[in-house]
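Q: Okay, so the sequence shown: first residue is 237 according to our numbering, each after it adds one.
Just passing along the structure, written as structure tokens.
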Amino acid sequence: MLWVLLLLVAWGAAGLSCIRLCLVTASAAQRPAVAARASVTPELNLYETAFLAGGPQRVADLALVSMHLRRRLLLARTGWATVVDPEGRDDVERTVIRAIGPGGQSRIAPIRAAASAADAVRSLADRLVAAGLAVPHGTRTELESAVRAVRGAAVLVVALAAAAVLMPGQETGYAGPVVAWFGLPLVLTLGCLAIARVENQPYSPWASPSGQRWLDSLPAPVRGADRDLLAAVAVRGVSAVRDPDLRAALLSGARPGF
Numbered sequence: 237m238l239w240v241l242l243l244l245v246a247w248g249a250a251g252l253s254c255i256r257l258c259l260v261t262a263s264a265a266q267r268p269a270v271a272a273r274a275s276v277t278p279e280l281n282l283y284e285t286a287f288l289a290g291g292p293q294r295v296a297d298l299a300l301v302s303m304h305l306r307r308r309l310l311l312a313r314t315g316w317a318t319v320v321d322p323e324g325r326d327d328v329e330r331t332v333i334r335a336i337g338p339g340g341q342s343r344i345a346p347i348r349a350a351a352s353a354a355d356a357v358r359s360l361a362d363r364l365v366a367a368g369l370a371v372p373h374g375t376r377t378e379l380e381s382a383v384r385a386v387r388g389a390a391v392l393v394v395a396l397a398a399a400a401v402l403m404p405g406q407e408t409g410y411a412g413p414v415v416a417w418f419g420l421p422l423v424l425t426l427g428c429l430a431i432a433r434v435e436n437q438p439y440s441p442w443a444s445p446s447g448q449r450w451l452d453s454l455p456a457p458v459r460g461a462d463r464d465l466l467a468a469v470a471v472r473g474v475s476a477v478r479d480p481d482l483r484a485a486l487l488s489g490a491r492p493g494f
């Protein structure tokens, strides 16, 4: 009965991947909490809030919007950025200007990519991790890898079930019980993914539990003033921008969700 061996493989893949996801999730919840007990939650600036809500690319988008509103940078809906004032007010703005280059003009997508990977944003992330407000990069990578492993196990279970059902020389009525047996590890993997999604949505993957409580405590920005728009961009991303031309510029080459 070769299908039993395939079933054992399916159970092994499902069980190991789900156990790994549970362990990584538990570890991710505990580490930031330990750091948070050692410090008092500080008052965060908009860049720090943007990182907790959307990560490095959100910080870059916030800088671009801020510089555009203050006429330090011109963002065209065609996806190009032009420097108007070459003097940045802070490290992130200076990083954006350096990313544009000496010609004073560049596509927005490479600017965003360079700025989000710059030392200024990494230092900001390190400060938030040290304060217990952000999830360490390694922990976040482990969690993403564990989720991918569970998804892969679910696909493997389906493939093994199909192989078991389609094997030649099987008895009549054999497919039903086989599908039922393979359904158990499939339910395990899908259930684990569903629980992980419920536990992490609509929360930011960048913020620790303490950082998420900070985000949840923020008041809703009032429409109208530039400061309120910047606060909205920090928390909600490009979707908070109502100017269609500015939104088109920012969405040029952006990954979904930013």
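For every residue, glycine included, the Cβ atom is placed at its ideal position computed from N, Cα and C.
#1: For a quick check, are the C-beta atoms of L369 and G290 less than 8 Å apart?
#2: State the start and end residues of the unbroken alpha helix (DSSP H) segment that holds V301.
#3: DSSP on A443, reduced to helix/strand/coil?
#4: Going by CA-CA distance only, name the one from P421, L454, R307 that's closest to R498.
#5: Taking just the CA atoms, how far does G412 sit from H373?
#6: Using a Cβ-Cβ cut-off of 8 Å (strictly less than) and excluding sequence neighbours within five positions of G340, which residues of its own chain qualify?
#7: Report the partner residues of T261 according to the DSSP bridge assignment.
#8: Quick one: any contact between the region 350-362 and the region 383-390, if contact means 3 or more CB pairs under 8 Å?
#9: Within 10 angstroms of its Cβ, does E279 collect 16 or more other Cβ (buried), or is it exposed?
#10: Could you name the residues that DSSP lists as bridge partners for L280?
#11: Specify the secondary structure class of A317 as computed by DSSP and reduced to three states.
#12: With L454 as the anchor, note down where its beta strand (DSSP E) starts and where it stops.
#13: Can you give, in chain order, each stretch of the alpha helix (DSSP H) that sits fully within the region 383-438 and has at least 4 residues?
#14: Counting only the same chain and skipping the five closest in sequence on each side, list residues whose C-beta sits under 8 Å from that of A390.
#15: Leaving out the 5 sequence neighbours to the left and right, which residues in its chain are closer than 8 Å to V393 when beta-carbon positions are compared?
#16: Do S342 and Q293 come within 8 Å of each other at the CB atom, strictly closer than that value?
#17: Residues in the same chain with beta-carbon distance under 6 Å from V301, minus the five sequence neighbours each way, listed in chain order, please.
#18: Quick one: Cα of P476 to Cα of L252, how far?
#19: Once DSSP output is grouped into helix, strand and coil, what is the label at P480?
#20: If we ignore side chains and look at the alpha-carbon of each, how far apart do L238 and A398 end up?
#21: So R363 is in the alpha helix (DSSP H); what residue range does that whole segment cover?
#22: I need the boundaries of the alpha helix (DSSP H) containing S352, first residue and last residue.
#23: If distances are taken between C-alpha atoms only, which option among I336, A416, S488, T285 comes closest to M303?
#24: Between T331 and the rest of its own chain, which residues show a CB-CB distance below 6 Å, the 5 nearest in sequence each way excluded?
A: Taking the coordinates as given:
#1: no
#2: 292-305
#3: strand
#4: Here the chain comprises residues numbered 237 to 494, so residue 498 is not present and cannot be evaluated.
#5: Their backbone Cα atoms lie some 45 Å apart in a straight line.
#6: Close CB contacts of G340 within its chain, under the 8 Å cut and outside five residues either way in sequence, are with T318, V319, P322 (chain order).
#7: T261 pairs with nothing; no bridge assigned.
#8: no
#9: When all chains shown are included, E279 counts as exposed.
#10: Looking at the DSSP assignment, L280 forms no beta bridge with any residue, so it has no partner.
#11: strand
#12: Segment: none, L454 is in no beta strand (DSSP E) and carries neither H nor E.
#13: 411-436
#14: A250, L422, T425, L426, L429
#15: Contacts found: A246, A249, A250, F418, P421, L422, T425.
#16: no
#17: V469
#18: Residue identity check: residue 476 is Ala in the sequence provided, not Pro. C-alpha separation (whole angstroms): 41 Å.
#19: helix
#20: 13 Å
#21: Where R363 is concerned, the enclosing alpha helix (DSSP H) starts and stops at 355-366.
#22: Residues 344-352.
#23: I336
#24: A351, A354, A356
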